[in-house]
Amino acid sequence: MTKSSLPRHILLRHSRPDVSRSSFRNIIIARSITSTPFHCAPSSSTPRQSTQSQSTSTSTSTSASTFSTINESEISHFSKLSSQWWDESGEFKLLHRMNPVRIEYIRQKVALNASPPDSEGEVEWTFETRHRDLERETSKGTGLWLDGMRCLDVGCGGGLLSESLARLGGKVIGVDASSSNIKIALTHSQQDPTLSKKIDQGTLEFRHSSAEVLRDNGEQFDVVCAMEVLEHVDQPNEFMKCLGEMVKPGGHLIISTISRTPLSQLLTLTLAEDVLKLVTPGTHTYKKFVKPEELRRFIYSDMGGFETWYQNSDASDIRKDEVGETRGIIYDPLKGVWRLWNGVQGSFWKGLGEGCNYMFHARKRL
Numbered sequence: 001m002t003k004s005s006l007p008r009h010i011l012l013r014h015s016r017p018d019v020s021r022s023s024f025r026n027i028i029i030a031r032s033i034t035s036t037p038f039h040c041a042p043s044s045s046t047p048r049q050s051t052q053s054q055s056t057s058t059s060t061s062t063s064a065s066t067f068s069t070i071n072e073s074e075i076s077h078f079s080k081l082s083s084q085w086w087d088e089s090g091e092f093k094l095l096h097r098m099n100p101v102r103i104e105y106i107r108q109k110v111a112l113n114a115s116p117p118d119s120e121g122e123v124e125w126t127f128e129t130r131h132r133d134l135e136r137e138t139s140k141g142t143g144l145w146l147d148g149m150r151c152l153d154v155g156c157g158g159g160l161l162s163e164s165l166a167r168l169g170g171k172v173i174g175v176d177a178s179s180s181n182i183k184i185a186l187t188h189s190q191q192d193p194t195l196s197k198k199i200d201q202g203t204l205e206f207r208h209s210s211a212e213v214l215r216d217n218g219e220q221f222d223v224v225c226a227m228e229v230l231e232h233v234d235q236p237n238e239f240m241k242c243l244g245e246m247v248k249p250g251g252h253l254i255i256s257t258i259s260r261t262p263l264s265q266l267l268t269l270t271l272a273e274d275v276l277k278l279v280t281p282g283t284h285t286y287k288k289f290v291k292p293e294e295l296r297r298f299i300y301s302d303m304g305g306f307e308t309w310y311q312n313s314d315a316s317d318i319r320k321d322e323v324g325e326t327r328g329i330i331y332d333p334l335k336g337v338w339r340l341w342n343g344v345q346g347s348f349w350k351g352l353g354e355g356c357n358y359m360f361h362a363r364k365r366l
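Residue numbers 1 to 366, in UniProt numbering, belong to the letters of the sequence shown in order.
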C-alpha cells in the first residue's frame, strides 16, 4: 500500500487528555474503533456532525466492539442545539438551504448516470423504439429515483437529508452520535403521515449509533452519504475507510465537506462564525479541513484505487492517481441559495469553485 496522501497535520493529531471546556467549546472526541498507530486530538463538531458513538440505537442493535472515545459531556452540551434542527431561520438555516443542492448532486450521480462507466448502459436502438429516446432521457431522475436502494446518512442530525432520501423512495438509515438529535429526527418524521408509514414499515430508521458499528455488523448500502462530517472527525483516514467498506459493489459514496484554503477560512470561520454569527463560534477547525485533491488521492492510495472504484468517464479521467469527482458548492447571499459550481477539470475556474464547500462522489466497481 502506498503512503497515505492525507497531510500529516490531519493524520497525526495527538490526544490531549486535559482539555478544558472553555478552551474547546465544541469538542467531541470521535475516534474509530479500529486500532491505528495514529493518535488524534479532540475535534470540533456540532450535533449534526458527530459521527462516532457507542452502540445504541432506536432499534436494538449489536456490535462486535463497543470501543468509543466520545466525550459524553460535550455530546450533552451540543445536543442542546437539537431543538433548532427544523428552525429554517435558526442555527441550521444554511444546511436547510443547502439540502436541495445536495439532493440534486446525488440525483445527477445516482439517477442520471445509473449505468457503470464501463458498461453498455444504453437501450438497444431500433427504428421501432427510436421515438422513445427523448422520453427515456427526460424520465431519468424523476419520480422515486431511489426506489429500492438502501441509503445510509452518517451524521444525520435532525434527519434533514434522511427525510428527503426517504421521500424519493430510498430505504434509509440515519445514524448520529447524539441521542437527542435522533429523537428530534424521529419525532419530526412521525409528524408526516408518509414518513411515519415508512418508519412503521422499516424503510426509514434513525439510530443512535456510529458508522463503525454498522460496518462491524456487516451492513452495506447502495448509497452512503456523509454530509458536513469529514471535517469534524478525529481520524478522517479511518472514517473514510469505514464509509468505503459499507458501499456495495456498484454503489455510490457521496460526501460534502470544506476545503482548507484562505477563502474557506475567511468565509467559514471569520465571516460565518466570528462576524455574522450564522454558525456557533468554534464549530469548525481550519486544520481539519480537507482539500479536494487530498481526498481524491487518499481514495486512490489507501482505499483500493481504480481496482476498487471506477475511473471517471469525463475530462477528469486524465488523473492517474486520484479517484472520484469533486464539485464546488457556492452560496449566493443575494438570493440566499446554494448552487453547484461548473468548470472545466483542471481550470482555475473549477478550482475557485471548490475553494470552500464541495461535494465528492465515487462509485465502487461491480
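Backbone N, C-alpha and C define an ideal beta-carbon position, used for all residues, glycine too.
Closest by C-alpha distance to residue i, when choosing among the options
| i | options | result |
| --- | --- | --- |
| residue 298 | 152, 360 and 279 | 360 |
| residue 110 | 270, 275, 228 and 144 | 144 |
| residue 260 | 236, 286 and 277 | 286 |
| residue 163 | 357, 351 and 85 | 85 |
| residue 302 | 312, 278 and 240 | 240 |
| residue 204 | 213, 188 and 87 | 188 |
| residue 155 | 114, 181 and 331 | 181 |
| residue 231 | 219, 218 and 256 | 256 |
| residue 95 | 229, 349 and 344 | 229 |
| residue 291 | 276, 262, 304 and 269 | 262 |
| residue 99 | 313, 331 and 217 | 331 |
| residue 115 | 171, 219 and 313 | 313 |
| residue 172 | 219, 191 and 275 | 219 |
Residue j beta carbon less than 8 Å from that of residue i
| i | j | result |
| --- | --- | --- |
| residue 242 | residue 153 | no |
| residue 105 | residue 363 | no |
| residue 175 | residue 207 | yes |
| residue 102 | residue 337 | no |
| residue 166 | residue 195 | yes |
| residue 215 | residue 238 | no |
| residue 87 | residue 150 | no |
| residue 161 | residue 227 | yes |
| residue 6 | residue 236 | yes |
| residue 169 | residue 147 | yes |
| residue 264 | residue 355 | yes |
| residue 82 | residue 158 | yes |
| residue 254 | residue 289 | no |
| residue 268 | residue 252 | no |
| residue 91 | residue 270 | no |
Helix, strand or coil at residue i [DSSP, three-state]
| i | result |
| --- | --- |
| residue 114 | coil |
| residue 107 | helix |
| residue 279 | coil |
| residue 152 | strand |
| residue 127 | coil |
| residue 328 | strand |
| residue 98 | helix |
| residue 310 | coil |
| residue 227 | strand |
| residue 319 | coil |
| residue 361 | strand |
| residue 349 | helix |
| residue 340 | strand |
| residue 298 | helix |
| residue 284 | coil |
| residue 243 | helix |
| residue 6 | coil |
| residue 160 | helix |
| residue 235 | coil |
| residue 89 | coil |
| residue 354 | coil |
| residue 292 | helix |
Neighbourhood of residue i by C-beta distance below 7 Å, restricted to the same chain and skipping five residues each side
| i | result |
| --- | --- |
| residue 193 | none |
| residue 322 | 293, 296, 297 and 300 |
| residue 127 | none |
| residue 365 | 249, 308, 309 and 310 |
| residue 340 | 101, 104, 105, 327 and 329 |
| residue 141 | 107, 111 and 112 |
| residue 198 | 166 and 204 |
Spatial neighbours of residue i in its chain, beta-carbon cut-off 8 Å, leaving aside the 5 residues before and after
| i | result |
| --- | --- |
| residue 306 | 300 and 323 |
Cβ shell of residue i (< 6 Å), same chain only, five flanking positions each side left out
| i | result |
| --- | --- |
| residue 184 | 82, 85 and 158 |
| residue 49 | Unreliable placement is indicated for residue 49, whose pLDDT of 39 sits below 50; the coordinate value is still reported in the next sentence. So the list reads 155, 228, 229 and 232, once near-sequence residues are dropped. |
| residue 179 | 208 |
Please give me, in chain order, every unbroken run of the beta strand (DSSP E) with length at least 3 that falls completely inside the segment 247 to 274.
Secondary structure within the segment 247 to 274: the beta strand (DSSP E) runs of 3 or more consecutive residues, fully enclosed, are 247 to 258 (chain order).
Restricting to runs no shorter than 4 residues, where is the alpha helix (DSSP H) found entirely within the segment 165 to 224?
Annotation: the segment 165 to 224 contains the following complete segments of the alpha helix (DSSP H) (minimum length 4 residues), in chain order: 179 to 190, 193 to 201 and 211 to 216.
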